[in-house]
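Undergrad:
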Amino acid sequence: MSVRPLALVTALALCAIGTTPLHARTLNMQNGGDLTSMDPHQLSGDWENRIAGDIFEGLITEDIQAEPIPGQAESWEISEDGITYTFTLREGLTWSDGEPVTADDFVFALRRLMDPANAADYAYLQYPIKNAEGINAGEIEDVTQLGVRAIDERTLEIELERATPYFLGALTHYTAYPLPQHVLEEHGDDWVKMENIAVNGAYKPIEWIPGSHVLTEKNPSFHDAENVSIEGVKFFTLEDQAAAFKRYRAGEFDILTDLPKDQFAWMQENIPGQARVEPFAGLYYYVVNQTEPPFDDARVRQAFSMAVNREVIGPQVLGTGEIPAYSWVPPGMAGYGEPETVDWMELPYPEKVAEAKALLEAAGHGPDNPLSVQLRYNTNDNHKRVAVAIASMWKPLGVEVELYNTETKVHYDELSRGILQIARAGWLADYNDADNFLNLLKGGVDYNYGRYQSDEYDRLMNEATAEPDADKRIELLHQAEEVALDDSAAIPIYYYLSENVVSPKVQGFESNAFDIHRTRWLSLTD
Amino acid sequence: MLGYAFRRLLTTIPVLWIAITACFFILRLAPGGPFDGERPLPAAVKANLAAYYGLDDPLLVQYFSYLGGVLRGDLGPSFTTADFSVAEQIAIGLPYTLIIGSLAFVLAVVLGVLAGVLGALYRDRVADWAIAALILLGLVLPNFLIAPILQLVFGLTLDWLPVGGWGGGALTHLVMPVTVLALPHIARISRLMRGALIEVMNGQFIRTATAKGLSRATVIRRHALKPALTPVVSYLGPAAGYLLTGSIVVETIFGLPGIGRYFINAALNRDYGMVLGTVVFYMVLIVILNLLVDLLYAWLDPKVRT
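Protein chains in written order, with the working numbering: chain A, 568 to 1093; chain B, 444 to 749.
#1: If you measure beta-carbon to beta-carbon, which residues of the region 971-987 of chain A are closer than 9 Å to chain B?
#2: Would you please verify whether the beta carbon of V710/A is less than 9 Å from any beta carbon of chain B?
#3: For L805/A, which residues in chain B fall below 7 Å Cβ to Cβ?
#4: List, in order along the chain, the chain A residues whose C-beta lies closer than 9 Å to that of Y725/B?
#5: Please state if the CB of E720/A and the CB of A765/A are separated by a distance shorter than 9 Å.
#6: If the criterion is Cβ atoms closer than 9 Å, does the pair L711/B and E974/A meet it?
#7: When the Cα of L635/B is compared with those of P670/B, G656/B, N586/B, which residue comes out closest?
#8: Residues of the region 602-635 of chain A in Cβ contact with chain B at a cutoff of 8 Å, in chain order, please.
#9: Closest Cβ-Cβ distance between I535/B and chain A: below 9 Å?
#10: Could you please give me the residues that DSSP links to Q941/A through a beta bridge?
#11: Fully enclosed by the region 1004-1066 of chain A, which beta strand (DSSP E) runs are 3 residues long or longer?
#12: Provide the residue(s) that pair with N595/A in DSSP beta bridges, ordered along the chain.
#13: Output the distance between the C-alpha atoms of E708/A and V953/A, rounded to the nearest integer angstrom.
#14: I think W961/A touches A1057/A, with their Cβ atoms under 8 Å apart; what is that distance to the nearest whole Å?
#15: What in chain A is Cβ-close to P751/B, meaning under 9 Å?
#16: In chain order, what residues of the same chain have a beta carbon less than 6 Å from the beta carbon of I578/B, not counting five sequence neighbours either side?
#17: Would A730/A and G649/A qualify as a contact pair, given that the criterion is a beta-carbon distance under 9 Å?
#18: Does Q988/A pass the burial test, meaning 16 or more other C-beta atoms within 10 Å, or should it be called exposed?
#19: Could you spell out where the alpha helix (DSSP H) holding R450/B opens and where it closes?
#20: Chain B beta carbons: is any one of them nearer than 9 Å to that of I1083/A?
#21: Does DSSP put H790/A in a helix, a strand or coil?
#22: Any C-beta of chain A within less than 7 Å: which residues of the region 625-646 of chain B qualify?
#23: Any beta-carbon of chain A closer than 9 Å to the one on Q505/B?
#24: In angstroms, rounded to a whole number, what distance separates the CA positions of N947/A and G886/A?
#25: I'd like to know whether the C-beta of D499/B is nearer than 9 Å to at least one C-beta of chain A.
#26: If you check the beta carbons only, do K951/A and G475/B fall under 9 Å apart?
#27: Going by DSSP, what residue range makes up the beta strand (DSSP E) through W742/B?
#28: Work out the CA separation of S1070/A and H790/A for me, nearest whole Å.
#29: So, under 8 Å CB-CB, P897/A and E905/A are touching, yes? Tell me the CB distance rounded to an integer number of Å.
#30: If F812/A sits next to Q835/A, beta carbons under 8 Å apart, how far is it from one beta carbon to the other, in whole angstroms?
#31: Just curious, the beta strand (DSSP E) that Y770/A is in, first and last residue?
#32: Mind checking if L746/A is an interface residue toward chain B, Cβ cutoff 9 Å exclusive?
#33: Would you list, in chain order, the members of the region 735-765 of chain A that have their beta-carbon closer than 8 Å to a beta-carbon of chain B?
#34: In chain order, what residues of the same chain lie with their CB nearer than 6 Å to the CB of V623/B, ignoring the 5 residues before and after it?
#35: So, is the C-beta of N712/B closer than 9 Å to a C-beta in chain A?
#36: Applying the 10 Å Cβ sphere with the 16-neighbour rule, what's the burial state of L942/A?
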């Protein structure tokens, strides 16, 4: 951009200030961070998903409880081997500019997602599609080799590398949304500008002021528009939770997508039922570096894990009641049933500490040979509180803990390079399947930060991937989880909670493990 | 005067170049990159991103292509907001910052000078002590404390003002952020003004003016005020620079879309283009403001003009 357009844009923006259109019955939502782009291929945050999922719709979409239901596709057939999916699109689908939504728009979007030149952050979520990984990694140059093809205007066929039980769920993700090919071809990178963009979701974006808000309004051409109640949404960019909560109390926001933890007790007392704290498909854990002493010894790892008094962390250290984690897979993952747990879970805490001491002693770390370890976390008040609490729980074992915090970028850069002894990490499910979490402990995986290595674990995971029978696959995943827990592969601490504050004026906000609440299911009363 | 202004502008070019160069290389020395995060990306995806933004070129090539861009007025892309280039983002946020910052600037100058004059005239009397106490509060209370307190009192308890947001630029939305921004500057300006006026009032020429039989008010207005403003003016350059580059605290707490948060957020996100872009922009702004202050000086104090 040259200097003159800069001046022009400034002048235009100055004119635009003060002319923000007002909308009756617009939902005001505090949405956290700023959007990266209106282009779904550029996104990676859950706050971005809230907007993208309102303005676009994939073949499959989420219902009021975030379960997969037909979206742009009205029906589909899956071949017996689980490899070929054939989708039939709804009749009469159109983009918000009136052009028809065709199977070609899906083919176009998925090829673009995998094209390395477009550098989509999240392309790997659709790697189950045939040749997707090869194309994205640049090994296959011809994007038409991707296992996606339009049979006719309304019929789309997707071929997978192998049977993938969670594939329909993965199709609800924004990486699988169709894109308006005609708009991209006409406007290139500028297709995302407000004046050009065409969408196929329940809402269309009409204004975006970075740092302030994204405003949407109801899309009359959406296939289920007659059942969409809320006229539009103002997604506010605001990361200061305390300020956001004050604005909520003043009636300026209808929904907060996070809450200030130190106010949680006040909320329960004074506005009961409005703070919605629910289990969320995510795990907060510590990784331990298993490539060097002392944590190359499973007894030491187990001792550190046993001495963490998980029961006090949620209610007392954090104050929001996070649920103690004794498994690697959070409860509630599709088809997985109850996760495995460590076999010492039920012991009273003093006995856990006693056994932890014995384990350390057996490993040669007694009062004469005390352990001194460094615990890393990324700078954040909550991580600090947890780290301080856990360091004090390890103290009775005769362990000296040095706390070391860095900003997030540095933390993960060093973790991925294996620079750690014990370090804080977290994982939120990308899709509703247990292997999402179990993959974190596979050998050779980048984000296996502790470098846990077990041939048996890897064998079970690989067998599960290749296993076409759903029940047998789940059984193999359970066995793998058990192996990891027996090895104390890492230290699970708690399962995340989704934390929303929802005004009584908002109807239809149902808690779910993925914390996805599409606005089309909500309504507002005065 | 024009020649002087032109020479001053010329000298900023090497300064700007040094700043860009230092900033460019220091940024790359910092550990962690723009694509590291809670959710690690597969190596292939990271490689694609690096290629997309030209981060896989040798550092020197990146450096010269960035410099070339700046010369053409192109500040490059932002890694965290793909739909707007760095220049576009500054252009979008700037009007908000300019409005809030200039209002705060005017408020700070008017109230600061007024409080300073009152303090000087009623030196060591109750009014002076009261003003001094208020000013001390303005100086020691940080904005991240005052802002939430104001929100609580005026937004929630009294319900007089909206708690936050831009609100189409309505005055009610601006009162709190502008006040919070202006407070420390009111405090500093009033201290400077009070001290300078007390000193000037002791001068021989004031005694002469008073001896001529001029009223106290006329003496102050016509003779004392202008020389007493010199230290205030020297403070206005940095103050304006501070106010017009925005404040991350005020913008974050009140949810305003200005440019104050760009620099710090960009540094944390390793958004190299955005960090450099804001550095270039701040430097140009500060150079211009300092130049204005120097010209204002010359008008206030004839000795500088030579």
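For glycine and all other residues, C-beta sits at the position ideal for the given N, C-alpha and C.
All of these numbers come straight from a predicted model, not from anything done at the bench.
TA: Answer, in terms of the structure:
#1: T973, E974, T975, K976, V977, H978, Y979, D980, E981, L982, S983
#2: no
#3: G698
#4: In chain order: nothing, as chain A lies at least about 15 Å away.
#5: no
#6: yes
#7: P670/B
#8: L602, T603, S604, M605, D606, Q609, S611
#9: yes
#10: E969/A
#11: none
#12: K801/A
#13: 47 Å
#14: In fact, because the Cβ distance is near 16 Å, the residues do not count as touching under 8 Å.
#15: As shown, chain B starts at 444 and ends at 749. That puts residue 751/B outside it, with no answer to give.
#16: A630, S633
#17: yes
#18: buried
#19: 445-472
#20: no
#21: coil
#22: none
#23: no
#24: 16 Å
#25: no
#26: no
#27: Unbroken run through W742/B is the alpha helix (DSSP H), 715-743; no beta strand (DSSP E).
#28: 28 Å
#29: Not a contact, Cβ separation roughly 11 Å.
#30: Not a contact, Cβ separation roughly 13 Å.
#31: 770-776
#32: no
#33: V759, K760
#34: N586, I589, A590, V693
#35: yes
#36: buried
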